[in-house]
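In the working numbering, the protein residues as written are 15 to 215. All C-beta atoms in this analysis are idealised placements derived from N, C-alpha and C, irrespective of residue type, glycine included. I have placed the structure first, in the form of structure tokens, so that the comments after it can refer back to it.
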Amino acid sequence: MCTQKQLTYPSLWVRARALRMALFLFASMLVSPALIAGDNGEINIRDAHAWHDDDGWFLDAQFDIRLSSGALEALENGVPLVFELRAQIVKTHRWFWDVVEFESTQRRQLQYHALSRSYLVKDIASGSQGVYSKLDDALFAAGLIDALQLTDEALDSKRKYVARLRGSHDIESLPTPVRLLAYVSSEWDMNSQWYTWPLAR
Numbered sequence: 015m016c017t018q019k020q021l022t023y024p025s026l027w028v029r030a031r032a033l034r035m036a037l038f039l040f041a042s043m044l045v046s047p048a049l050i051a052g053d054n055g056e057i058n059i060r061d062a063h064a065w066h067d068d069d070g071w072f073l074d075a076q077f078d079i080r081l082s083s084g085a086l087e088a089l090e091n092g093v094p095l096v097f098e099l100r101a102q103i104v105k106t107h108r109w110f111w112d113v114v115e116f117e118s119t120q121r122r123q124l125q126y127h128a129l130s131r132s133y134l135v136k137d138i139a140s141g142s143q144g145v146y147s148k149l150d151d152a153l154f155a156a157g158l159i160d161a162l163q164l165t166d167e168a169l170d171s172k173r174k175y176v177a178r179l180r181g182s183h184d185i186e187s188l189p190t191p192v193r194l195l196a197y198v199s200s201e202w203d204m205n206s207q208w209y210t211w212p213l214a215r
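This is the structure in structure tokens:
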């Protein structure tokens, strides 16, 4: 006896999304011009502040993330984008190499849901997430660091320290066809320079 399985509404959406992504990835293998050449994206640091109390050292920061035309096209076709926000406390030496004493990397995933026309920002480590109707709001959330604890230890009062901050797009997280194109396209090189400032104690 043959039985039929009725697809539920979520199942249809999942299959439609998977089909859309598959078609996009196939098209990207044919070298979409927007994925290779277009407006470059960038990541800049708008503001950063490190502070301490009895519980240790903390960081507040805001990255400005601007997507390239290729990254935006990929996002709108179901490809998640992952950004890494890296913070360090570095012990400086006059005659030797500087030493990274403490480091923290925040990984944020940005994804577009076509059905609800909304953007999902997920903190990969904690699993916490937020939903936004506007891309600008989602990019703001993806680049926000709020009271991140860098260390619960006190710093040596006889040493000099600096804080360093850098943001980047994780190309390795892209699906293989898009990743191969990203390797040869400068517009996917969305990385900030290291921003460094002395820690005041």
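For my contact list, Arg60 and Gln76 are in at a C-beta cut-off of 8 Å; report their separation, rounded to the angstrom. Translated into the one-based positions of the sequence shown, residue 60 becomes position 46. Translated into the one-based positions of the sequence shown, residue 76 becomes position 62. Sure, about 5 Å apart at Cβ, within 8 Å.
With distances taken between CB atoms, is the gap from Val93 to Val192 smaller than 8 Å? The sequence position of residue 93 within the sequence shown is 79, counting from 1. The sequence position of residue 192 within the sequence shown is 178, counting from 1. In contact: Val93 and Val192 (Cβ atoms closer than 8 Å).
Thinking C-beta only, is Leu124 closer than 8 Å to Val113? Numbered from its first residue, the sequence shown carries residue 113 at position 99. Numbered from its first residue, the sequence shown carries residue 124 at position 110. It is not a contact, given that the beta carbons lie outside the stated cut-off.
Per DSSP, what are the beta-bridge partners of Tyr146 in this structure? The count along the sequence shown starts at 1 and reaches residue 146 at position 132. Answer is Tyr133.
Any heavy atom of the ligand MG closer than 7 Å to the Cβ of Glu115? Absence of the ligand MG is noted for the structure shown, with no ligands found whatsoever.
Under 8 Å: do the region 165 to 176 and the region 191 to 209 share three or more Cβ pairs, one atom per stretch? no
Which whole-angstrom value is the C-beta distance of Ile57 and Ser182, which I expect to be below 8 Å? On the sequence shown, position 43 is the one that residue 57 refers to. On the sequence shown, position 168 is the one that residue 182 refers to. Indeed they touch by this definition, with Cβ atoms about 7 Å apart.
Report the option in Gly157, Ile103, Gln163, Asp150 whose CA atom is closest to the CA atom of Pro212. Taking the first residue of the sequence shown as 1, we reach residue 212 at position 198. It is Ile103.
Residue range of the beta strand (DSSP E) that includes Val96: Translated into the one-based positions of the sequence shown, residue 96 becomes position 82. Membership of Val96 in the beta strand (DSSP E) is indicated by the continuous run 95 to 106.
Run through DSSP, which three-state label would Gly84 get? Locating residue 84 in the sequence shown gives position 70, counting from the first residue. Helix at Gly84.
Rounded separation between Gly55 and Ile185 - CA only: Counted from its first residue, the sequence shown places residue 55 at position 41. Counted from its first residue, the sequence shown places residue 185 at position 171. Roughly 13 Å separates the two Cα atoms.
Below 8 Å on the Cβ atoms is my contact criterion, and I expect Gly144 with Ala155 to pass it. Report the Cβ-Cβ distance as a whole number of Å. For the purposes of this step, residue 144 is taken as the residue at position 130 of the sequence shown. For the purposes of this step, residue 155 is taken as the residue at position 141 of the sequence shown. Rounded, the Cβ-Cβ distance is 6 Å, consistent with contact.
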